[in-house]
Structure formats: C-alpha cells, structure tokens
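In structure tokens:
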C-alpha cells in the first residue's frame, strides 16, 4: 500500500504535516500523553523523591473559588474569629409515630446516646501538634448539654442540666419539653415551635471534617436498630463536603457510561470501527492531557 502526500496551499501547514506524517504524529501524541500523565501521577507515589512536582490535590471547597485576600472572604473569617463562631453540623430529629413527638423515653434515650457519641469524636490534630480536632464539645447544643434556668426562690436562680439523664417515663419526657419551651434561647432552635421535634448543634474545629462526622453519626444511628424517629444531618459544611465527595463517586460511574453512550451512538451512525475509535481516542487524549497539565 503506497502512502500519498497531499499538498495544497489552502491547508494549514500544521494540518498538512499531520496528514502527511500520520505515524509520527500518533507516536508524538502517545509519548506526550504518557509524559504528562506520568508528571501528574508520580508525585503522588514518590512525594519525597519528586518534591519539585505538584501532587494531585482535589479541592471541593467552594470558598477557595475566591482568592485568599478577597474582601468577602477576609471579612467572613474576621467575623468568625471575632465572635468565636464555628462551622456547625445540625442533626434534626423527628418522630411522626408518637403523639408526643420526640419527647418520649426511647427517642430521648437514643438522642442522649448520640450526644455522648458526638462528644467523643475528637482526636489529635495532625496539622497542629498539641491540639485536638473534631467536635467542640463545650459548644455542643443538645438536651443533655444545655442548662435549665429556673427561679429557685426569692432572689435565687437555679441552674441544672435540661436532661441530666434519659427520662424514665413519658411524663418526665414532657417535662423536659415544657422546660425547654420556657427558655427563649432554646424555643425555636433546640426544640421546634410545635414541641414535636428537636435539633442537635454540633460545632467543628474544621468544616472539612463534616463528611467524616456525618458518616460516624450515621453509623451510630444504625446501631440503634428498629427506631421510630428519623434523623436528618444537615448544615452548610455537610452540604459542601458531601457534595464534593459524592460528586467524584458519581463521576467514576457516569464518565465511563457517557463514553459508552457516545461509542454506541458513533457505532450506530457509522458502523465502522475506525470511524468510532478515532474520535474516542482524541477525546481521551485531550481529557488526560488537559487534566495532567492542570
């Protein structure tokens, strides 16, 4: 089979060279792609041996879409520091199978267990030696960790835990609800306006721990077995972090499926393998090279 050269003044020289030297261009494309992928991947396996190359880092924090010195970002961090604000994970609890809502002995016992478990989720901070990371226990809000403030007599005020231990009867559970409704700080925040549901507010030292905390809480809730109540884990850090993690899991499924659909469509249109594989190879090379260069 002879190779025919095409030469015309209307064709771009680069395109003309590629047409006249297909094997050379193919080899150059393969070598370039392998080199780019290697430069991107090797620092992840040999970080000490290749310190001058940047390893792959997946950042799903939408806050990093803004520059570090962006006014809105700087102001937000300053206000959080000024008022000692932490990123909070909220656990909502409802019970639609009980006339008293969540204020029954079994549900409140589970909430107490979940609170104690959340308080235990602390560990040494790898980035800051000597400090702990995880849940900020002193700021956690739940029936087991907030104060009940009542008048004790003339000129005296009594402070006690709202729920020092799980109630032994439904009457005690309703008493906890009534006490919480009398405290403006808790009414509408810790306990719902209708007195049927409540929420736990779990502050974190770092919002990037929210997905890990969510998974730990879901595991603990699963240990409760057959329960009446429902748990809803939410909060801005959970939404951001969960979206980032789950997005890549879905991409691992959807990206190959998308390529399969394109392959089948091309096969349906052309019915020839050479016409199908060529654009698929170009698409893969472009995607790998672009991601590697980034």
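In the numbering used here, the protein residues as written are -10 to 283.
Virtual Cβ for every residue (Gly too), placed ideally from N, Cα, C.
Keep in mind it's a predicted model, so treat the numbers as computed, not measured.
Could you check if residue i is buried or exposed, using at least 16 other CB atoms within 10 Å of its CB as the buried criterion?
{"i": "residue 15", "result": "exposed"}
{"i": "residue 200", "result": "buried"}
{"i": "residue 144", "result": "exposed"}
{"i": "residue 280", "result": "exposed"}
{"i": "residue 1", "result": "exposed"}
{"i": "residue 53", "result": "exposed"}
{"i": "residue 121", "result": "exposed"}
{"i": "residue -10", "result": "Bear in mind that the predicted position of residue -10 carries a pLDDT of just 48, short of 50, making it unreliable; the figure below should be weighed with that in mind. Per the 10 Å Cβ criterion, exposed."}
{"i": "residue 142", "result": "exposed"}
{"i": "residue 21", "result": "exposed"}
Alpha carbons only, please: which of the options is nearest the one belonging to residue i?
{"i": "residue 288", "options": "208, 105, 200 and 31", "result": "The chain is shown from -10 up to 283; residue 288 falls before or after that span and cannot be answered."}
{"i": "residue 277", "options": "23, 5, 8 and 2", "result": "23"}
{"i": "residue 132", "options": "194, 282, 156 and 267", "result": "156"}
{"i": "residue 272", "options": "245, 260 and 117", "result": "245"}
{"i": "residue 86", "options": "283, 111, 215 and 248", "result": "215"}
{"i": "residue 111", "options": "100, 192, 161 and 44", "result": "192"}
{"i": "residue 44", "options": "59, 27 and 50", "result": "27"}
With residue i as the anchor, note down where its alpha helix (DSSP H) starts and where it stops.
{"i": "residue 264", "result": "262 to 282"}
{"i": "residue 149", "result": "Not the alpha helix (DSSP H): residue 149 falls in the beta strand (DSSP E), residues 145 to 150."}
{"i": "residue 207", "result": "199 to 211"}
{"i": "residue 2", "result": "2 to 9"}
{"i": "residue 251", "result": "225 to 259"}
From what residue to what residue does the beta strand (DSSP E) around residue i run?
{"i": "residue 164", "result": "Careful: residue 164 lies outside any beta strand (DSSP E), inside the alpha helix (DSSP H) at 159 to 170."}
{"i": "residue 187", "result": "187 to 193"}
Nearer than 6 Å: is that true of the beta carbon of residue i relative to any heavy atom of the ligand FMN?
{"i": "residue 247", "result": "Absence of the ligand FMN is noted for the structure shown, with no ligands found whatsoever."}
Quiz item: Can we say the region 180 to 190 touches the region 82 to 99, given the rule of at least three CB pairs closer than 8 Å?
Solution: yes
Quiz item: Between the region 253 to 272 and the region 220 to 230, do three or more beta carbon pairs fall short of 8 Å?
Solution: no
Quiz prompt | Inside the region 65 to 137 only - alpha helix (DSSP H) runs reaching at least 4 residues | solution = 94 to 108
Quiz item: Does the region 236 to 244 come close enough to the region 210 to 228 to have 3 or more Cβ pairs within less than 8 Å?
Solution: no
Quiz item: Hey, is the region 106 to 126 in contact with the region 159 to 171, meaning 3+ C-beta pairs nearer than 8 Å?
Solution: no
Quiz item: Is the region 122 to 142 touching the region 188 to 197 in the sense that three or more CB pairs, one from each, lie closer than 8 Å?
Solution: yes
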